Amino acid sequence: MNNSAIMTRVTGLIFSLLFCGSNTSYAQSKSADLKNWPKGASPKEIGGRVAARFVATPHTNFNKPGPPRVITYPESVAWYGALTFAKSTENKALVKQLSDRFEPFFGAEAKMIPTPDHVDYSVFGAVPLELFKQTKDKKYLDMGLAIADKQWGPPEGPRVKEESHDFYNKGYTWQTRLWIDDMYMITALQAQAYRVTGEKKYIDRAAKEMVFYLDELQKPNGLFYHAPDVPYYWARGDGWMAAGMAELLSSMPKDQPNRARIMKGYTDMMASLLKYQGKNGMWNQLIDDPEAWPETSATGMFTFAMIKGVKNGWLDKEIYGQAARNGWLGLISYINQDADVSDVCEGTNKKNDRQYYLDRKRNTGDLHGQAPILWCATALLSK
4 MNNSAIMTRV TGLIFSLLFC GSNTSYAQSK SADLKNWPKG ASPKEIGGRV AARFVATPHT
64 NFNKPGPPRV ITYPESVAWY GALTFAKSTE NKALVKQLSD RFEPFFGAEA KMIPTPDHVD
124 YSVFGAVPLE LFKQTKDKKY LDMGLAIADK QWGPPEGPRV KEESHDFYNK GYTWQTRLWI
184 DDMYMITALQ AQAYRVTGEK KYIDRAAKEM VFYLDELQKP NGLFYHAPDV PYYWARGDGW
244 MAAGMAELLS SMPKDQPNRA RIMKGYTDMM ASLLKYQGKN GMWNQLIDDP EAWPETSATG
304 MFTFAMIKGV KNGWLDKEIY GQAARNGWLG LISYINQDAD VSDVCEGTNK KNDRQYYLDR
364 KRNTGDLHGQ APILWCATAL LSK
């Protein structure tokens, strides 16, 4: 760990002590209470700081130096999180700031709208759909639905592969890759389209896709390898699955035919995750590897999924409420005075090498890690 990372972690620990008084955060978190928090640890305060940090952050590239050509998915999902947080706190000023950030896409920065020919680009559509939910401005609806429909339209463009047509002909999105990340990128967009229109085709699409991924990729222990040929439970990859199932289930009608199958996949995963949560509330970079380092983006995603489960009655309130509380308090101890979370694994492609995952760079302020904090804050503030 470099000196900068050490200082960030030390700062986070100091803040954690300030939040929780003379006792450790874990000692004070041994309850299932998701409403009352130590001073400085409330979701409203933490979410407000992280959302303000997002507003002040310029558009960022994903794993590339220099100014971005298009909006990349970490920014899209953080933007979505900031908007949902603004709604949960009825912060109209924050909504205005976030919509002002979007406005140039209708003019000078139109070229920064990503072409929706890949799941990582298509998830951008969740942002204008959330803006429509909150502002009722039809221009956001038109943009978001166009992206959602394009995702299930005929294969087109340079990213089309031979199997793209097979997936399309079977009723799946042609953007299917059977990468675990997809189950947030796809479901976040399609669930949003369902929320704003009430049209069942959107939620049915996402549900069918999720069942396909669960049947193909979920292991008997409820977790997911980073890839079929890479037998490692990389935490953030699994985090996308956990968050995606929680997003989907929270909007899926109770009579949706695939709901029971998805709920089983979700509860199996949550039960397995419970076994691997550390005493500090965190999950490791490789979920089942005790020698791996605690990683914040995955911890945020797993915590979000458990909060949603407790709030919606899918999970045992006492058992998972305590896990979610510990996860939140552990996670926020990694936030520094600038509202940046540390120990966020850098963007990671698959590799069949344990050491590769253990040696991944630990970023501070990376939007992969900022976004789940906003999702958690929103979920904690919901009724």
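Under the numbering used here, the residues of the sequence shown are numbered 4 to 386, in order. Cβ coordinates follow ideal geometry from the N, Cα and C atoms, glycine included. Bear in mind that the values here come from a model prediction, so they are computed numbers and not experimental data.
Annotation note: the stretch 231 to 260 contains the following uninterrupted alpha helix (DSSP H) runs of length 4 or greater, listed N- to C-terminal: 238 to 254. Annotation: the continuous alpha helix (DSSP H) that includes glycine 372 extends over 370 to 384. Between valine 163 and threonine 138, the C-beta spacing is not below 9 Å. Here the alpha carbons of leucine 192 and phenylalanine 57 stand approximately 21 Å from one another. Assigned with DSSP and collapsed to three states, glutamine 195 falls in helix. Here DSSP, grouped into helix, strand and coil, assigns phenylalanine 135 to helix. Rounded to whole angstroms, threonine 92 and aspartate 356 show a C-alpha spacing of 44 Å. Here isoleucine 322 is not near glycine 247, since their CB atoms are 9 Å or more apart. Isoleucine 338 is bridged by DSSP to Val344. Within the stretch 22 to 106, the alpha helix (DSSP H) runs of at least 4 residues that lie entirely inside it are, in chain order, 28 to 31, 46 to 59, 76 to 91, 95 to 105. As the crow flies, the alpha-carbon of leucine 220 is around 42 Å from that of alanine 111. Counting only runs of 4+ residues, the alpha helix (DSSP H) found wholly inside the stretch 135 to 187 occupies 141 to 154, 165 to 172, in chain order. Taking the C-beta atoms as reference points, arginine 239 is found nearer than 9 Å to histidine 371.
Between the stretch 344 to 356 and the stretch 221 to 233, the count of Cβ pairs shorter than 8 Å is three or higher; the stretches touch. Assignment of asparagine 315 by DSSP, reduced to helix, strand and coil, places it in the helix class.
Boundaries for arginine 363: no alpha helix (DSSP H) harbours it, and the DSSP string shows neither H nor E there.
Under the DSSP assignment, methionine 273 falls in the alpha helix (DSSP H) whose first and last residues are 262 to 279. Considering only Leu377, Asn366, Gly324, Val347, the residue with the shortest C-alpha distance to asparagine 39 is Gly324. Glutamate 202 counts as exposed, since fewer than 16 other beta carbons sit within 10 angstroms of its beta carbon.
Excluding its 5 nearest sequence neighbours in each direction, aspartate 36 has C-beta neighbours in its own chain below 8 Å: Gly324, Arg328, listed in chain order. When Cβ pairs closer than 8 Å are counted between the two stretches, the stretch 330 to 344 is seen not to touch the stretch 203 to 215, the count staying below three. Counting other Cβ atoms within 10 Å of its Cβ, asparagine 66 stays below 16 and is therefore classed as exposed.
Exclusion of the five residues before and after valine 199 leaves Leu132, Phe135, Lys136, Leu144 as the residues of its chain whose Cβ lies within less than 7 Å of its Cβ. Taking C-beta atoms as the reference points, glycine 312 and tyrosine 359 fail to come closer than 9 Å. DSSP places asparagine 287 within a strand segment (E or B) once states are collapsed to three. For glutamine 373 and valine 53, the gap between their C-alpha atoms comes out near 7 Å. The beta carbon of phenylalanine 170 lies closer than 6 Å to those of Trp177, Thr179 in the same chain, with the five residues before and after it left out. Taking C-beta atoms under 8 Å as the contact rule, threonine 381 and glycine 50 qualify, at a distance of about 7 Å. Remark: C-beta atoms of isoleucine 290 and aspartate 241 approach each other more closely than 9 Å. Burial is judged here by how many other beta carbons sit within 10 angstroms of a residue's own beta carbon; proline 161 has fewer than 16 and is exposed. Taking a 10 Å sphere around the C-beta of glutamate 78, we find 16 or more other C-beta atoms and assign the residue as buried. Apart from the 5 residues on each side of it in sequence, glycine 128 sits with its Cβ closer than 6 Å to the Cβ of Gly147, Ile150, Ala151, Leu192 in its chain, given in chain order. Cβ contact annotation for alanine 274 (same chain, cutoff 8 Å, sequence separation greater than five): Gly225, in chain order. When beta bridges are read from the DSSP output, phenylalanine 227 appears opposite Gln221.
Counting only the Cα atoms, alanine 295 lies some 35 Å from alanine 89. The alpha-carbon separation between methionine 304 and tryptophan 243 amounts to approximately 7 Å.
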